[in-house]
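**Student:**
Protein chains: 2
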Amino acid sequence: MDLNSKIRVIDGFPKEGISFKDITTLLQDKEALKYTIDKISEHLKDKNIDIVVGPEARGFLFGTPVAYAIGAGFVPVRKKGKLPGDTISVEYALEYGTDILEIHKDAIQPGQRVAIVDDLLATGGTIAAVAKLVEQVGGEVVSLDFVIELTELNGISKLENYDVLSLVKYDI
Amino acid sequence: MDLNSKIRVIDGFPKEGISFKDITTLLQDKEALKYTIDKISEHLKDKNIDIVVGPEARGFLFGTPVAYAIGAGFVPVRKKGKLPGDTISVEYALEYGTDILEIHKDAIQPGQRVAIVDDLLATGGTIAAVAKLVEQVGGEVVSLDFVIELTELNGISKLENYDVLSLVKYDI
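Here the protein sequences line up with chains A and B, keeping their order.
Just so you know, the first sequence maps onto residues 407 to 578 in the numbering used here.
Just so you know, the second sequence maps onto residues 407 to 578 in the numbering used here.
1) Could you tell me which chain B residues have their CB closer than 8 Å to the CB of threonine 557 of chain A, listed as they occur along the chain?
2) Helix, strand or coil for aspartate 524 of chain B, going by three-state DSSP, please let me know.
3) Kindly indicate which three-state DSSP category lysine 445 of chain B falls into: helix, strand or coil?
4) What do you get for leucine 550 of chain B, buried or exposed, if any count of 16 or more other CB atoms within 10 angstroms of its CB means buried?
5) Report the rounded CA-to-CA distance for leucine 450 of chain A versus aspartate 444 of chain A, giving the unit in angstroms.
6) In whole angstroms, what is the alpha-carbon distance linking aspartate 577 of chain B and phenylalanine 552 of chain B?
7) 7 Å is my cut-off, CB to CB: does phenylalanine 552 of chain A come that close to chain B?
8) Could you pull the start and end residues of the alpha helix (DSSP H) that aspartate 476 of chain B belongs to?
9) If we cut at 7 Å on Cβ distances, does valine 481 of chain A have a partner in chain B?
10) Quick one: list the residues of chain B neighbouring arginine 414 of chain A, beta-carbon separation under 9 Å, in chain order.
11) Does glycine 531 of chain B come out as helix, strand or coil in the three-state DSSP assignment?
12) Are the CB atoms of glycine 477 of chain B and lysine 436 of chain A nearer to each other than 7 Å?
13) Under the criterion of a Cβ to heavy atom distance below 6 Å, does leucine 507 of chain A qualify as lining the ligand SAH?
14) Can you list, in chain order, the residues of its chain with a C-beta nearer than 7 Å to that of valine 547 of chain A? Leave out the 5 residues immediately preceding and following it.
15) Which value, in whole angstroms, describes the spacing of the CA atoms of lysine 421 of chain B and aspartate 492 of chain A?
16) Using the C-alpha atoms, what's the distance from proline 461 of chain A back to lysine 564 of chain B?
17) Please decide whether glutamate 501 of chain B counts as near chain A, where near means a Cβ-Cβ distance under 7 Å.
18) Tell me which same chain residues have a C-beta within less than 7 Å of the C-beta of serine 572 of chain A, skipping the five on either side of it?
19) Using a C-beta to C-beta distance shorter than 7 Å, which residues of chain B count as neighbours of glycine 477 of chain A?
20) Would a C-beta distance cut-off of 7 Å place glycine 479 of chain B and isoleucine 457 of chain B closer than the cut-off?
21) Within the continuous alpha helix (DSSP H) that includes threonine 431 of chain A, where are the two ends?
22) Whole angstroms is fine: what's the gap from valine 496 of chain A's alpha carbon to isoleucine 424 of chain B's?
23) Spatial neighbours of tyrosine 428 of chain B within its chain, please: CB distance less than 6 Å, with the 5 preceding and 5 following residues excluded, ordered by chain position.
24) Within this structure, are the beta carbons of isoleucine 533 of chain B and lysine 511 of chain B separated by less than 7 Å?
Laid out in structure tokens, this is it:
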């Protein structure tokens, strides 16, 4: 399937100069949604994944169906203050300023094998922060799986130690 | 499966006097996640659902795996300003003040059959707003499916015209 054609590009969102990759057109197309989840699941086959982790909010959209499809559990990583239990947090750099992500301390058992799933690999800052959280609670990050990669931003250079899959690559 | 035992109750979150139902403990348990998605999917069987709609952010966690499992598309309903394309919006009442939800205008084709999936039925205000958005873009709301219902809040009274499933009921 030409997954690229299922993604809508919207120039100027969320601000001037950005060419936003809109995955809602992919999600609403039942064949494209099934194809996307099946391709990621195929990449995770034989990796004995216990837990899929996805960051809020678009990581939830792909992470939970992948967890269901491969028979794993799902653990959300959320913005500060959203998770009700005891958490650990990580601060990471954005284009301007910083942000904080959290994971429940007891969400992952030491030694569990983890795949991190998100919609987009851009600079890699968010995913490197998510991987750090998973490792701090004792999980082993086995795979990183993205629907889209913006290759020009070279996020992959931050993720050298991991097995990375991205289904659609854009060079802008 | 005793799904009730998979949900963690945290008193005092997000504020004093609230007994928060934490579904992350259910999600991280692979058998409980599978059971939850399969039960909702079973309720939607023979309803010819084209699209599953889920509100941000916890509705994403259950809505997309259900869409995948039943072979439907998924359409997100998001807070104001998050969706990149042309949207319609609805304002609805919260305990204090109001909030705004949006859906892409072209997300649902007229006559498509829709199931709305969310983690929690409380007062029913959010879900009534989501149903209104779906109907305004031409969708037919066929089913409302929740993991948890807080029966004391009587949200079901706002949803009289719909086929409603909730898997776990709390009377507090």
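Glycine included, every Cβ here is placed at the ideal spot set by N, Cα and C.
**Tutor:** According to the data block:
1) On the first sequence, position 151 is the one that residue 557 of chain A refers to. Correct list: empty, because the minimum Cβ distance to chain B is about 21 Å.
2) Within the second sequence, the letter at position 118 stands for residue 524 of chain B. Aspartate 524 of chain B falls in the strand class under three-state DSSP.
3) The sequence position of residue 445 of chain B within the second sequence is 39, counting from 1. In the structure shown, lysine 445 of chain B sits in a helix (DSSP, three-state: H, G or I).
4) In the second sequence, the residue the question calls residue 550 of chain B occupies position 144. So leucine 550 of chain B ends up on the buried side.
5) Along the first sequence, read from residue 1 onward, the residue named residue 450 of chain A stands at position 44. Along the first sequence, read from residue 1 onward, the residue named residue 444 of chain A stands at position 38. Cα to Cα, the separation comes out at about 10 Å.
6) Start at 1 with the first residue of the second sequence, and residue 577 of chain B comes out as number 171. Start at 1 with the first residue of the second sequence, and residue 552 of chain B comes out as number 146. For aspartate 577 of chain B and phenylalanine 552 of chain B, the distance between alpha carbons rounds to 15 Å.
7) Reading the first sequence from its first residue, position 146 is the one you call residue 552 of chain A. No, because no Cβ of chain B sits closer than 7 Å to the Cβ of phenylalanine 552 of chain A.
8) In the second sequence, counting from the first residue as 1, residue 476 of chain B sits at position 70. Strictly speaking, residue 476 of chain B in this sequence is isoleucine, with aspartate absent from that position. Counting along the chain, the alpha helix (DSSP H) containing isoleucine 476 of chain B begins and ends at 464-476.
9) For the purposes of this step, residue 481 of chain A is identified with residue 75 of the first sequence, where counting begins at 1. Valine 481 of chain A counts as touching chain B.
10) As a working note, residue 414 of chain A is residue 8 in the first sequence. Within 9 Å Cβ-Cβ: Pro490 and Gly491.
11) Your numbering for residue 531 of chain B matches position 125 in the second sequence. Here glycine 531 of chain B sits in helix by DSSP.
12) Looking up residue 477 of chain B in the second sequence gives position 71. Looking up residue 436 of chain A in the first sequence gives position 30. Yes, these two residues count as a Cβ contact at 7 Å.
13) Ligands displayed in this structure: none; no statement on the ligand SAH is therefore possible.
14) Translated into positions along the first sequence, residue 547 of chain A becomes position 141. Val520, Ile522, Ala537, Val540, Glu541 and Tyr568.
15) In the second sequence, counting from the first residue as 1, residue 421 of chain B sits at position 15. In the first sequence, counting from the first residue as 1, residue 492 of chain A sits at position 86. C-alpha separation (whole angstroms): 15 Å.
16) For the purposes of this step, residue 564 of chain B is taken as residue 158 along the second sequence, with counting starting at 1. For the purposes of this step, residue 461 of chain A is taken as residue 55 along the first sequence, with counting starting at 1. Near 32 Å, if we compare the C-alpha coordinates of proline 461 of chain A and lysine 564 of chain B.
17) As a first step, residue 501 of chain B is located in the second sequence; it is residue number 95 there, counting from the start. It does not; no Cβ of chain A falls within 7 Å.
18) For the purposes of this step, residue 572 of chain A is taken as residue 166 along the first sequence, with counting starting at 1. So the list reads Leu527, Phe552, Ile554 and Glu555, once near-sequence residues are dropped.
19) The sequence position of residue 477 of chain A within the first sequence is 71, counting from 1. The answer, in chain order, is Lys436 and Lys440.
20) As a first step, residue 479 of chain B must be located in the second sequence, where it is residue number 73. As a first step, residue 457 of chain B must be located in the second sequence, where it is residue number 51. Yes, they are a contact pair.
21) Along the first sequence, one-based indexing puts residue 431 of chain A at 25. Its alpha helix (DSSP H) spans residues 430-433.
22) The residue given as residue 496 of chain A occupies position 90 in the first sequence. The residue given as residue 424 of chain B occupies position 18 in the second sequence. Their backbone Cα atoms lie some 27 Å apart in a straight line.
23) For this step, residue 428 of chain B is matched to residue 22 along the second sequence. Just to set this straight, residue 428 of chain B is aspartate in the shown sequence, not tyrosine. Closer than 6 Å at Cβ, skipping near neighbours: Arg414 and Ile416.
24) Position 127 of the second sequence, counted from the start, is the residue given in the question as residue 533 of chain B. Position 105 of the second sequence, counted from the start, is the residue given in the question as residue 511 of chain B. The answer is no: Cβ separation not under 7 Å.
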